[in-house]
Every structure is written in C-alpha cells, then in structure tokens.
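Chemist:
In UniProt numbering, the protein residues as written are 1 to 404.
1. Please work out which residues of its chain come closer than 7 Å, Cβ to Cβ, to residue 405, disregarding the five sequence neighbours upstream and downstream, and give them in chain order.
2. Once DSSP output is grouped into helix, strand and coil, what is the label at residue 238?
3. How long is the line joining the alpha carbons of residue 13 and residue 140, rounded to whole angstroms?
4. Whole alpha helix (DSSP H) runs in the segment 55–111 with 4 or more residues, listed along the chain?
5. Quick one, which of 100, 39, 116, 5 has its alpha-carbon nearest residue 253's?
6. Cβ of residue 32 within 8 Å of Cβ of residue 8?
7. Measure the C-alpha to C-alpha separation of residue 291 and residue 42 and round it to an integer number of angstroms.
8. Less than 8 Å between the C-beta atoms of residue 11 and residue 124, yes or no?
9. Based on Cα-Cα distance, which residue from 283, 274, 120 lies nearest to residue 107?
10. Closest by CA to residue 78, which one among 15, 280, 133, 240?
11. Check residue 223 in the structure and name its three-state DSSP category.
12. Using 10 angstroms around the beta-carbon of residue 352, count the other beta-carbons present and answer buried if the total reaches 16, otherwise exposed.
13. Per the DSSP calculation, residue 357 is bridged to which residue(s)?
14. If you measure between the beta carbons of residue 157 and residue 206, is that distance less than 8 Å?
15. Using the rule of at least 16 other Cβ atoms within 10 Å of the residue's Cβ for burial, across every protein chain shown, is residue 134 buried or exposed?
16. Have a look at the DSSP bridge pairing and note the partners of residue 293.
17. So, do the segment 92–108 and the segment 49–59 have three or more beta carbon pairs nearer to each other than 8 Å?
18. Would you report the Cα separation of residue 267 and residue 62, rounded to the nearest angstrom?
19. Exposed or buried, which one is residue 80 when buried takes at least 16 other CB atoms within 10 Å?
20. Report the CB separation of residue 222 from residue 271 in whole angstroms; it is logged as a contact under 8 Å.
21. From the DSSP output, which residues share a beta bridge with residue 6?
22. Roughly how many whole angstroms lie between the Cα atoms of residue 199 and residue 144?
23. State yes or no: is the beta carbon of residue 355 nearer than 8 Å to at least one beta carbon in chain B?
24. Is the beta carbon of residue 60 sitting closer than 8 Å to the one on residue 19?
25. Please report the distance separating the alpha-carbon of residue 136 from that of residue 122.
26. I'd like to know whether the C-beta atoms of residue 245 and residue 85 end up nearer to each other than 8 Å.
27. Just the Cα atoms here: how many angstroms apart are residue 338 and residue 350?
28. According to DSSP, what are the bridge partners of residue 281?
29. Measuring straight from C-alpha to C-alpha, what distance separates residue 99 and residue 105?
30. So, at 6 Å on beta carbons, what are the nonlocal neighbours of residue 360 in its own chain, with the 5 sequence-adjacent residues on each side left out?
31. So, is residue 284 buried or exposed, given that buried needs 16 or more other C-beta atoms within 10 angstroms?
32. Within this structure, are the beta carbons of residue 70 and residue 114 separated by less than 8 Å?
33. With a threshold of 16 other CB atoms inside 10 Å of the CB of residue 355, please say whether the residue is buried or exposed.
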C-alpha cells in the first residue's frame, strides 16, 4: 500500500475496533473509501506533525486541505448531483450534527466514567514520549472539556478520578448552612452512607438527563431520514458520512460505560440500519478490519534527550566536514570578499558600541559606584582618632596627679 497516491494521517487506532480514535478521521476514511476506493491508505500520524492537528491528508507527498479535496481528479464528489437547495439543507444538518451529536459522543468518551481512562487514554496516548506525554493529553481533553462545560454536559452522569475538584468544593459548601445572623453551621449528620447515597442519586439523575438530551438530539434526525435509505435518495452523500462517522465511533467499540450506544440500539433502529447499510457498502464482508493501511513506517520519534544531544552531534559533524573540506588541495574560496569583510567589521563595531553604551549607562545611573583610595583614607582617619584619644587620656591623668 506504499504506492497509493492519497494517504490519510489519522489519530492512533482503537486496537481491535477502529483504525482511528476520533470521528473526524473515521469520516475522512469513509469519504476516501466512497470517492476513490483502492487509491488511498491510512496510517497513524504524529502529534508533532501538521502543527499538532490530526487528521490530515497528503496527495503524492503534498499536504491537501480538506476543503480542496474534491479538486483532485481522482476524487468523485458524493454531493455532485445535489441541487442548490439540497446542498443548503445538507450544510444545515451537518452543522446540527457538529453542534449536538458530536457533543454527546465526546461526553461519552471524555466525561462519562470510566470510558476515558480505560479506553481513549490507553489507545490514543500510550505511545507518547517525554515531554509530549506531559502536556498533549491535558491539552486535548481540556479543549473538549471547555466545550462540554459550555453546553452543560461535563460531569453529567458522573466524574472520572481527578475531575471532582469543583464537585468537592460544592460538597463542602453544601455541608454547612447559613444561620439567621449569617453564621455557618454544619448540617445534621445523616449516617455513614450519606455521601454514597448522594453520589448515587446524582449519578441516576445525570443518566436521566442524558437520556432526555439524547432523545432530543436524535429524534429530529430520525424524522428527517424517514424511511429512506439515505438522506438524499438511494446514494450516500457527505451528510450520511458525517452521521455514519459518529455512529460507528460510538457503536463499534465495546465501552466500559455503554449508556449512549445502549439507548441508540434500543430506541433508534433506523439509525442502526443506516449505520449497517453504509458500513456494508464501504467495507463489504470485512468492516473496519481490512481498511487499507500504509506499509511505510512512520519516522521514529526522538526522545527529549536525543533531541538535545542531536544539536551537539550536528555541530561537531559540521565542524569536521568543514575541516575536511578545508584540508583539501582545491579550495573554492581563498579569502573573504570585500562585502563580507565590511559586514563583519560593522557587526563587531555594533557589538562594541552596544557594550560601551551599556557600561556607560550603568556607571552614570548610579547602579554601580566606584570609589578609589577609600580604604587608605579610612585607615589614616582611624589611626588619627586613636592617637587623639590616647593624648586626651594622658592629659587627664596628669591633671589628676597635680590635684592630689
């Protein structure tokens, strides 16, 4: 698969389930399989490539923007036969999926315990080396967390270990009541199992709210799809692929907490049929197991120590090469040109002027004071004071003797 023209760099796979660990990579894989089957392959990208943005696509080694993908001659646009009104309708429903279904899927993987530590974190972030493993996991999850907090989904249905800092503050505030004069008094103790009971009630309440949210999101999609095979007739479009990517991302893996996939399977058979129909069309008789993968190995990742030591090895190697080239009998340049000499002279003059100006500023501003001969003067003054005191004492002794 190394000679295929289109290469998809995706997030790390969910081993045993999917070739990638995010819905956008699955959407691009589905789009390429539908529009150019047999001419693309997938590989795992590195988080340091493409400015830290995964996934991305290359064509013959050149990066291709996703909105320019249909301009390639080997790509067949699935939306080519849609009318203008259908394209507008498709764009509206894509936005609906991005704003609602994606939030539910991200909540299932990143907020609902214990899916994140037991599935996504293990598959997506295990192979990171230092120092990437110190900031990439927190950065990825913080982006999704801010979005879920904005829509009110974060923490609904429970929290993972380490995410309960705000919850602990709320519990501490609830442990006290405000008296008539503004004084704080602890609430009455209600037994050793009071905390567990409260946590269980909150979890059940969160699951009920999630079920209401899931139904409010998927009911309009089911009504729009109706009894049709796809949204716009008998052929799938990019709108079908957008929905398919979210469904296959949530239905294919075996989740530790399968709240969302269980509700979809039990309540929306139309969505299950739509997903299975597209999966059999894209990957017949194999599913995601036989996705074309690239045999080109990714470049090895350098560790933090190797990246530092490589700077010294490169500098020493370059100095050796320069020394070897200068030792040859044939020299391309025997001396510096007039412009190089002028530039070097001006550079040294600039550094000299800057150094003199800095020293002058330090001296004139009073930051550093320099006194010459101060120690010798102090010693002379000290000796004179001692001699004066001795003379005064002698005079006092003489006067006392005369009085006697």
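For glycine and all other residues, C-beta sits at the position ideal for the given N, C-alpha and C.
Just so we're clear, the structure is a prediction, and the values are computed from it rather than from any experiment.
Modeler: Taking the geometry as given:
1. Shown here, the chain extends from 1 to 404; a query on residue 405 therefore has no answer.
2. Three-state result, residue 238: helix.
3. Between the alpha carbons of residue 13 and residue 140 lies a gap of roughly 16 Å.
4. Correct list: 84–96, 102–110.
5. Restricting attention to 100, 39, 116, 5, the CA atom closest to the CA of residue 253 is found in 116.
6. In this structure, residue 8 lies closer than 8 Å to residue 32 by Cβ.
7. C-alpha of residue 291 to C-alpha of residue 42: approximately 8 Å in a straight line.
8. Yes. Within cutoff.
9. Among 283, 274, 120, the Cα nearest to that of residue 107 is on 120.
10. Of 15, 280, 133, 240, the residue nearest in Cα terms is 240.
11. Three-state DSSP puts residue 223 in a helix.
12. With fewer than 16 Cβ atoms within 10 Å of its Cβ, residue 352 is classed as exposed.
13. Residue 357 pairs with nothing; no bridge assigned.
14. For residue 157 and residue 206, yes; Cβs fall inside 8 Å.
15. Classification of residue 134: exposed, given that the 10 Å Cβ count is below 16.
16. 42.
17. Too few Cβ pairs lie closer than 8 Å, so no.
18. Roughly 45 Å separates the two Cα atoms.
19. The residue in question, residue 80, is exposed, as its Cβ has fewer than 16 Cβ neighbours within 10 Å.
20. Going by Cβ atoms, the distance from residue 222 to residue 271 rounds to 7 Å, so yes, they are a contact pair.
21. According to DSSP, residue 6 bridges with 40, 59.
22. About 24 Å.
23. The chain labelled as chain B is not found in the depicted structure, where only one protein chain is given.
24. It is not a contact, given that the beta carbons lie outside the stated cut-off.
25. The straight-line gap from Cα to Cα measures roughly 13 Å.
26. Taking 8 Å as the cut-off, the beta carbon of residue 245 is found no closer than this to the beta carbon of residue 85.
27. Going by the C-alpha atoms only, they are around 18 Å apart.
28. DSSP, once it has assigned bridges, lists no residue as partnering residue 281.
29. If you take the alpha carbons of residue 99 and residue 105, they lie about 11 Å apart.
30. For residue 360, where only same-chain residues beyond five positions count, there are no Cβ hits under 6 Å.
31. Exposed.
32. Contact check for residue 70 against residue 114 fails: the beta carbons are separated by 8 Å or more.
33. Exposed, because fewer than 16 other Cβ atoms sit within 10 Å of the Cβ of residue 355.
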